[in-house]
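Report on one structure; see the data block that follows.
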Amino acid sequence: GSSIMPQKRNPDAAELVRAKAGRIIGALVALATVMKGLPLAYSKDMQEDKEPAFDALDSIELAILAMTGMVTDMTPNTEAMRKAAGSGYSTATDIADWLVRGKGMPFRQAHHVTGRIVALAAGHGVALEDLPLGDIEAIDPAIDAGVLEVLGVDKSVASRTSFGGTAPQNVRAQAESWLRRLAGEA
Numbered sequence: 024g025s026s027i028m029p030q031k032r033n034p035d036a037a038e039l040v041r042a043k044a045g046r047i048i049g050a051l052v053a054l055a056t057v058m059k060g061l062p063l064a065y066s067k068d069m070q071e072d073k074e075p076a077f078d079a080l081d082s083i084e085l086a087i088l089a090m091t092g093m094v095t096d097m098t099p100n101t102e103a104m105r106k107a108a109g110s111g112y113s114t115a116t117d118i119a120d121w122l123v124r125g126k127g128m129p130f131r132q133a134h135h136v137t138g139r140i141v142a143l144a145a146g147h148g149v150a151l152e153d154l155p156l157g158d159i160e161a162i163d164p165a166i167d168a169g170v171l172e173v174l175g176v177d178k179s180v181a182s183r184t185s186f187g188g189t190a191p192q193n194v195r196a197q198a199e200s201w202l203r204r205l206a207g208e209a
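Per the numbering used here: the sequence shown = residues 24 to 209.
Structure representation (structure tokens):
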């Protein structure tokens with residue numbers, strides 16, 4: 024928390040974990056440097072591998088405890104999160120992907136067309152999904168009503184269905200899998 028503003032909550036745990044990440048990466052570099060070029064047998068060099076390994080494990084344990092406490096106590100502002108997720112034309116890549124996959128357009132051209140769509144939205148001060156379809160279609164003859172299927176944060180998130188993707192069913196499946204593993208069922 025803040026030392027002079029009692030109402031303010033500082034991200035102390037997140038800042039600690041961010042710093043710990045640097046320390047852990049440093050341990051990885053130290054270990055890789057010690058171990059590189061060693062023959063396939065015990066070498067005295069390996070006496071130097073314990074300190075960075077155990078330091079990294081201690082740092083990871085502290086980071087997990089800090090993040091557990093932070094996540095347990097936090098209340099996400101989902102409205103602010105949704106607004107932030109849709110800002111800055113974050114779904115523009117979905118348009119380019121749609122043009123490449125769905126319309127067979129070369130990526131360089133799709134990138135250019137998408138840039139023109141973003142410029143149009145920015146010029147009107149609106150989100151991509153708020154542009155009239157006719158205005159989007161006028162930018163390139165390859166564009167049709169199918170583009171509406173990729174506009175918007177919810178559609179962008181739902182379209183990522185590969186392993187580890189953001190589609191709600193994928194996230195639920197991963198969460199359920201990890202809960203089972205934590206419970207010792209898997």
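All C-beta atoms in this analysis are idealised placements derived from N, C-alpha and C, irrespective of residue type, glycine included.
- Would you mind sorting A161 into buried or exposed? The rule is 16 or more other CB atoms within 10 Å of its CB. Here residue 161 corresponds to residue number 138 of the sequence shown, with the count starting at 1. It counts as exposed.
- Given that a residue counts as buried once 16 or more other Cβ atoms are within 10 Å of its Cβ, and exposed if not, what is D117? Your numbering for residue 117 matches position 94 in the sequence shown. That one is buried.
- Message: I'd like the list of long-range same chain contacts for D72, defined as Cβ closer than 8 Å, with 5 residues on each side in sequence excluded.
- Response: Position 49 of the sequence shown, counted from the start, is the residue given in the question as residue 72. So the list reads L54, V57 and M58, once near-sequence residues are dropped.
- Message: Please report the distance separating the alpha-carbon of Q70 from that of E84.
- Response: Position 47 of the sequence shown holds residue 70. Position 61 of the sequence shown holds residue 84. Going by the C-alpha atoms only, they are around 23 Å apart.
- Between V94 and F186, what straight-line distance do the alpha-carbon atoms span, to the nearest angstrom? Along the sequence shown, one-based indexing puts residue 94 at 71. Along the sequence shown, one-based indexing puts residue 186 at 163. Spanning the two alpha carbons is a distance of roughly 25 Å.
- Entirely within the segment 49–130 and at least 4 residues each: give me those alpha helix (DSSP H) ranges in chain order. 73–96, 101–109 and 115–126
- Message: Suppose you measure from the CA of D163 to the CA of K43; what does that come to, to the nearest Å?
- Response: Here the question's residue 163 lines up with position 140 in the sequence shown. Here the question's residue 43 lines up with position 20 in the sequence shown. Going from the Cα of D163 to the Cα of K43 covers about 48 Å.
- Query: Under a three-way DSSP split, which group does V180 fall into?
  - Reply: In the sequence shown, residue 180 corresponds to position 157, counting from 1. In the structure shown, V180 sits in a helix (DSSP, three-state: H, G or I).
- So V123 and A107 are in contact, right, with Cβ under 8 Å, and what is the actual spacing, rounded? The count along the sequence shown starts at 1 and reaches residue 123 at position 100. The count along the sequence shown starts at 1 and reaches residue 107 at position 84. Rounded, the Cβ-Cβ distance is 27 Å, inconsistent with contact.
- Please determine, among R46, L151, S66 and D96, the residue with the shortest C-alpha to C-alpha distance to A76. Reading the sequence shown from its first residue, position 53 is the one you call residue 76. For A76, the nearest C-alpha among the options comes from R46.
- Item | As assigned by DSSP and simplified to three states, the class of D35 | Translated into the one-based positions of the sequence shown, residue 35 becomes position 12. Note: D35 maps to helix in three-state DSSP.
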